[in-house]
Every structure is written in C-alpha cells, then in structure tokens.
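Taking the numbering used here, the leading residue of the sequence shown gets 16, the next gets one more, and so forth.
Ideal Cβ positions, reconstructed from N, Cα and C, are used throughout, including at glycine.
Given the structure is predicted, the values throughout are model-derived calculations rather than measurements.
See structure below.
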Amino acid sequence: MHVLIINGSPRIKKNSNTDKILEKFTDGLCENGTTFEQYEVSDRKQWNDIRNAFNKNDNIIIALPLFVECIPGLLIEFLETLTPKNDDTKLGFILQSGFAEGIQLRCGEAYLEILAEKLGCIYTGTLVKGNNFSIRLTTGAQQEKITLPYKEMGREYAVTADFNSEKCRNFTGPEVFPAPVRFLVGGLFKTFAKKNFIKSAESWGCTKPLDYRPYQ
Ligand SMILES: Cc1cc2nc3c(=O)[nH]c(=O)nc-3n(C[C@H](O)[C@H](O)[C@H](O)COP(=O)(O)O)c2cc1C
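See below:
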C-alpha cells in the first residue's frame with residue numbers, strides 16, 4: 016500500500032506538532048513495506064504538487080490540528096482548490112489538539128466525515144487525540160512520551176487501511192475528565208493561568224481587560 020499524507024497545519028514543518036506526530040505514525044506505518052509521501056499545506060509552493068498527489072493517490076490521510084474547535088482556515092483554503100474525485104479513493108484523518116478531552120474534538124470529527132463525502136472520497140475514519148500542546152516545547156524522551164503511541168496507530172493503519180478499529184477508537188483517551196479534575200483545572204484557569212495570561216497580554220502592550228468586549 017502507498018499512502019499520501021497531507022499535514023494540514025498552518026505551522027511550518029519545523030514547528031508543527033502534527034509533523035512530530037506523523038514522524039512516529041509513519042515509522043509504524045512503514046514497518047512492513049507500506050510506503051508514503053508527505054506534503055505540508057503550510058508551504059504554499061507545494062499546493063500544486065499536493066493537488067496532483069491528491070488526484071493520483073487512492074489512500075489518503077489528512078493530519079490536522081484542532082484550531083478553535085474546528086479545522087485550520089489555511090487547510091480549508093487549500094481544500095477549496097481541490098476537485099472532488101467521486102471514485103474509490105479512501106480518505107481518513109488524524110485530528111489532534113492541545114486540550115486532552117475527546118469530547119471537544121467530536122464536532123471537528125463530524126465535520127471531517129462530511130468533508131470526505133464532499134471531496135468525493137470514501138471516509139475511512141478519524142484518529143482523534145488531544146493532549147499535544149507540549150510536543151514542540153519538549154525534546155527527547157519527554158516528547159516521545161506523547162508522540163510514540165502514534166507509532167502503534169501507524170502499524171494498525173498499515174493492516175486495516177482505516178481508523179475504525181477498536182484500538183483506534185480507544186486511542187482518544189478520556190472523553191471528559193472526572194468531576195474533581197474538571198473542578199481543579201477550572202480553578203487553575205480562573206486563578207493561576209488567568210494571572211499569567213494577563214501578564215503576557217500586558218507585556219505585549221495590551222491595556223484592556225482580557226474579557227473586554229468592544230462590539231457587544
Ligand atoms: C490558533 C489556535 C487555536 C487552537 N485551538 C484549539 C482548540 O480549540 N482546542 C484545542 O484543544 N487546542 C487548540 N489549539 C492547540 C493546537 O491544536 C495544538 O497545539 C496542536 O498540537 C498544534 O499542532 P500544529 O503545531 O501542527 O499546528 C489551538 C492552537 C492555535 C495556534
């Protein structure tokens with residue numbers, strides 16, 4: 016099997032968490048002879064090549080970060096330049112995010128299922144996982160702790176050519192945190208994190224409160 020992988024993050028490859036995830040995913044994917052080619056939507060010079068690859072390939076994965084609970088605008092802009100295929104092309108997604116709870120990615124996941132149909136492809140599921148904020152802020156073993164599990168998902172995809180297995184569905188982790196954890200995280204955001212957000216905003220020259228609503 017040959018797989019076309021498109022990194023849909025607007026961040027350049029060097030800074031993209033999606034890219035670090037794909038490094039591990041493709042390690043697992045290729046263990047038994049599957050091959051892949053990868054492109055970056057962040058590099059507009061590649062858009063013609065990605066379009067050609069999209070037209071030519073019949074196993075496609077788009078990997079993307081969740082941006083404001085949905086898909087990045089740059090990726091939408093690119094996707095709008097594609098011509099729907101209406102053939103047997105299989106299209107699946109790796110949807111990853113910063114916050115850890117699975118529930119906040121479900122709206123994006125539902126959108127991606129519709130998107131596959133709009134692009135005239137057969138939907139092969141979405142691998143959904145959060146808790147990835149710190150990938151690019153860490154290195155070595157610390158980074159691997161987050162990215163290495165994707166290697167197993169690459170192995171799984173090489174066998175099933177989709178993300179519908181129980182292993183893939185369980186990969187998401189907790190749908191919502193238990194109540195005490197939500198309470199604690201909520202408290203941290205209202206106190207410690209808020210203080211730091213205000214400090215950062217002030218250091219960037221912001222003079223209005225963070226909840227300022229000039230258009231309300
Ligand atoms: C503009 C922006 C919006 C984001 N929105 C969300 C969000 O709604 N939920 C979430 O969990 N993470 C959100 N994140 C975090 C990213 O999904 C996360 O850091 C991801 O790993 C980034 O991947 P990338 O470096 O390949 O772009 C956002 C990040 C940015 C920069």
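Inter-stretch contact (C-beta, 8 Å, three-pair minimum) for the segment 29-37 and the segment 92-107: As far as the Cβ criterion goes, the segment 29-37 does not touch the segment 92-107, which means the pair count is below three.
Report the CB separation of N146 from A115 in whole angstroms; it is logged as a contact under 8 Å. Stepping through the sequence shown from its first residue, residue 146 is reached at position 131. Stepping through the sequence shown from its first residue, residue 115 is reached at position 100. The Cβ separation is near 4 Å, so the contact holds.
Only counting the same chain, and skipping five residues up and downstream in sequence, which positions put a Cβ closer than 8 Å to that of C45? The residue labelled residue 45 in the question sits at position 30 within the sequence shown. Excluding positions up to five away in sequence, the list reads F51, G169, A173.
Alpha-carbon spacing of C85 relative to T49, whole angstroms: For the purposes of this step, residue 85 is taken as the residue at position 70 of the sequence shown. For the purposes of this step, residue 49 is taken as the residue at position 34 of the sequence shown. For C85 and T49, the distance between alpha carbons rounds to 30 Å.
Whether or not the segment 180-191 and the segment 60-73 are in contact is what I'm after, with contact meaning three or more pairs of Cβ atoms, one per stretch, closer than 8 Å; do they touch? no
Using DSSP with H/G/I as helix, E/B as strand and the rest coil, what is L163? Locating residue 163 in the sequence shown gives position 148, where the first residue counts as 1. Three-state DSSP puts L163 in coil, outside helix and strand.
Span separating the alpha-carbon of R121 from that of I21: Mapped onto the sequence shown, residue 121 falls at position 106. Mapped onto the sequence shown, residue 21 falls at position 6. In a straight line, the C-alpha of R121 is about 21 Å away from that of I21.
With respect to the beta strand (DSSP E) encompassing K144, which residues constitute its N-terminal and C-terminal limits? Residue numbering aside, residue 144 sits at position 129 when the sequence shown is read from its first letter. Note, K144: beta strand (DSSP E), 137-144.
Closest to Q119 by CA distance: which of F108, L130, F82 is it? The residue given as residue 119 occupies position 104 in the sequence shown. Cα-wise, what sits closest to Q119 is F82.
With H, G and I counted as helix, E and B as strand and the rest as coil, what does DSSP make of Y172? On the sequence shown, position 157 is the one that residue 172 refers to. Here Y172 sits in helix by DSSP.
Does V196 come out as helix, strand or coil in the three-state DSSP assignment? As a first step, residue 196 must be located in the sequence shown, where it is residue number 181. DSSP places V196 in helix when its eight states are reduced to three.
Option in A216, G135, G117, T222 with minimal Cα separation from L97: Taking the sequence shown and counting its residues from 1, one reaches residue 97 at position 82. The candidate whose alpha carbon is nearest that of L97 is G135.
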